Structures are given as C-alpha cells and as structure tokens.
Amino acid sequence: ITVIRNFGMTDNYNTKMFECLHIDLTKDAWRSTNHKDKCPQMVKWVARQEKVSSFDGYISWMERLCSRQANSSNLPILRNKEGSPIKLTKRPHSPNCLLDKIERDHSAPGLRRDLTKYLATLSAISPTRYTLPFEHLDVYHNVKFSPPELHDQKEERDIIKAHPTIKKKPARYDTAILIVDDEAESTGLQAEPLAYVQWYSKLKLVADPNHMMYDVSKPALRSDGSPPGEVVKVADIRQSCQLVPKFPKTLKDTPEASWNTNNVLDLCSSFFVNNWTSLYSYQSIW
C-alpha cells in the first residue's frame, strides 16, 4: 500500500518481468546454440534479436508513413476512355531527354512540329505563333493497360512497347489501334502522358474475303519527306494489334526478300491487321 501511494503502481517491484527476460535472453538463446562454447553464441543470438526487433520497428514506421502519404495524395489514377487504369513505370526510361535526341533516336522527325500543333490546339493559339516552352521530355518505353471488356470474359492485359536500339537490342515499335474522335475536347492543359504515333490508313469497311482480315497502308509522306504523325493521349489507345505484311506471289530476287522483323514496318507499305492473334482480337477487330 505504501508503494502504491508513493509511486502509483507496483510494476517492477517484483521478479515477474526479470523472470520473463531470463526466458527470452537465456533459455531461448541457449536453445539456439550447439551447446559447445555457448556463451559467445548466446551473445550473438541476443544481438541479432535486437537488430531484428529494431528493423521490424523501422518497417512498421515506414508502412504507416507510406499509408499516410497514399491517403493524403490527391493525384487521380490515369484511366483510358473505358475507365480501365493505365500503368507506366515509376520512373521514365529516358528522363529529361532533348527533343532533338528523341527525334533522332526514335526516327520521329515530325515530333517537334506535331507536339507544337497539339499544345497550340489546347491553348487556342495558332501553331505558327506557338513556341514550345521546353526542350526536354521524359520518355517511357512501354505502357500497360486493360482494353475494354467483352461480354463476361476475364479481364485482358495489354502492353505496348516503343524503344530505340539499346546496345545489341534492336529497336521495337509496336502497332496499336486508337480511338479517333472528331469532336475536340476542351480540357485545357493537364498533366497526363502523351504518345507520338505515325499513322496508317483507316480500316476499310469490308474485310478481305479470303482470310477476313482488314488491310491498311501507309499514307503519302509529307512535303518534307516525313511520315504523317500526331501527338495523342495515351488514354486514346484502345489495344495493341499485329500487322501482317502483304507479300508478292514470289520473293525470289525481289526487295521483299530482305524483310525481317526489325525492318518490315519501315520497308513494307501495305499490311493486313491480324485479327487471329487472340480471341480478344478476333472479337474486337471484326
């Protein structure tokens, strides 16, 4: 009673806590040894337990911190027009890259002109009077998304890659189908990823009767010799697609004999859109 009146509690005034410490620091430590030269092993075991406990505390603190930051973040999740999330890598593959270098490395000579046109349209300024306020861009080499669901099928996963030649790895630029809307959206300037695309012709109304695939072709080059291109929103990309080149009846002693995976998109001018690559392609490209 005197202790309670003087100190308010009786904790640590008996041997209960020290008995628990005896179990944790002595018995468990002894059991972890091989019972030979046990004292150094017991000391090392206790030291490791302290480090593990300290690291667990750090992990818990970081989880609470990250949870608060995630809850306080007001950044919207990027989604396409169907509402499916669009995923980019956490950091760009080529950060702060010069526009001239992007045009050169990615064989996109019209990037600066088309980007100026796109931003001028959003700003309601004539492209001839608009000047790009920057000379560097962050470049991402792939984008992941889920195309629109069809019926009750499982959710599809799609990825589109676009990267220049990296060391011995050849360049790769996937083809895709975009949603083209003639009605301009008055959205203003918003922070969202953009893609630079080079166009093919629109799909014809009737598929080829032999294999039921639609054909596309490259449009005529611009007056400066560059292919027609445009800057679009990543959210406008509907799905990836595979193009099959139109081969002549014979390949012997023809330029088409030099086509391969790495150069066929550059050398060939007419393709079929392959709707047999997957069940989803068969149902959506028809």
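Taken in order, the sequence shown gives residues 33 to 318; the numbers are from the numbering used here.
A virtual CB, placed ideally from N, CA and C, is assigned to each residue, including glycine.
Values in this document were obtained by computation on a predicted structure and should not be read as measured data.
- Taking a 10 Å sphere around the C-beta of Ile192, we find 16 or more other C-beta atoms and assign the residue as buried.
- DSSP, reduced to helix, strand and coil, places Tyr246 within a strand of the structure shown.
- Leu143 is not a Cβ neighbour of Leu164, given a cutoff of 8 Å.
- Thr207 and Lys281 have their C-alpha atoms roughly 25 Å apart.
- Spatial neighbours of Ser258 in its own chain (CB-CB distance under 7 Å, excluding positions within 5 residues in sequence) are listed in chain order as Pro141, Gly142.
- Less than 8 Å separates the beta-carbon of Trp231 from that of Pro251.
- Between the segment 74-87 and the segment 56-66 there are three or more C-beta pairs closer than 8 Å, enough to call the two in contact.
- Inter-residue distance for Asp190 and Leu253 is about 30 Å (C-alpha atoms, whole angstroms).
- For the pair His138 and Pro241, the Cα-to-Cα distance works out to about 36 Å.
- If you draw a straight line from the Cα of Ile198 to the Cα of Lys70, it comes to about 56 Å.
- Every alpha helix (DSSP H) of 4 residues or more that sits fully in the segment 98-171 is shown, in chain order, as 131-137, 143-155.
- In chain order, Asp137, His138, Ala203 place their CB closer than 7 Å to the CB of Pro196, counting only its own chain and leaving out the 5 sequence neighbours on each side.
- In the three-state DSSP reduction, Phe304 falls in the strand class (E or B).
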